[in-house]
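Report on the structure given below.
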Amino acid sequence: ALRMINSLQIHDFVFILRSDGRWTYAIIADKQNDSIRFVVDADGCTKTLSKKHWSNSIRLVNPDEVFSISTRSSRSKKSKKASKMKSPKQKEKKERMLQNCQRMQRSI
61 ALRMINSLQI HDFVFILRSD GRWTYAIIAD KQNDSIRFVV DADGCTKTLS KKHWSNSIRL
121 VNPDEVFSIS TRSSRSKKSK KASKMKSPKQ KEKKERMLQN CQRMQRSI
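Just so you know, the sequence shown maps onto residues 61 to 168 in our numbering.
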């Protein structure tokens, strides 16, 4: 698992364990050899995890599920399941997270 986490790139999505014990969908904003910084919400709040916490606090998004969802939605725009997965609010939130991440990268 650590090898897969180490291969993650900026803008990849993962689930991270928050301080309150919840798992949150997050985007990688910055990655160093010994830490990864994540954008955890649409407001641009971040969390940085040192390498010693990666194996316990990062969960990869299943790439097969992501591929399956994108394939279904491109095949059938009217699919109820695909439309639930890609609601306008979710798209807007993802776009805001990406924009915040890009702004943070420019400031580094």
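By construction, the Cβ of each residue, glycine as well, lies at the ideal position given by its N, Cα and C atoms.
Assigned secondary structure, residue i (DSSP; H/G/I helix, E/B strand, else coil)
i: Leu68; result: coil
i: Arg37; result: Outside the displayed span of the chain (61 to 168) sits residue 37, for which this structure offers no information.
i: Arg78; result: coil
Selection from the options that minimises the alpha carbon distance to residue i
i: Ile65; options: Lys154, Asp94, Asp103 and Thr106; result: Asp94
i: Val99; options: Gln150, Lys149, Ala61 and Ala86; result: Ala86
i: Asp80; options: Arg97, Ala61 and Lys107; result: Lys107
i: Leu68; options: Trp83, Trp114 and Thr84; result: Trp114
Residues near residue i in its chain [Cβ-Cβ closer than 7 Å; skip 5 each side]
i: Lys138; result: Low per-residue confidence applies at Lys138: pLDDT is 45, beneath 50, and the placement is therefore not dependable, though the value from the model is reported in the following sentence. So the list is empty, once near-sequence residues are dropped.
i: Ala102; result: Lys153, Arg156 and Met157
i: Ser110; result: Asp94 and Ser95
i: Thr84; result: Phe75, Ile76, Arg78 and Val100
Close Cβ partners of residue i (< 6 Å) along its chain, the five nearest in sequence each way excluded
i: Asp72; result: Ile88
i: Ile118; result: Ile65, Val74 and Ile76
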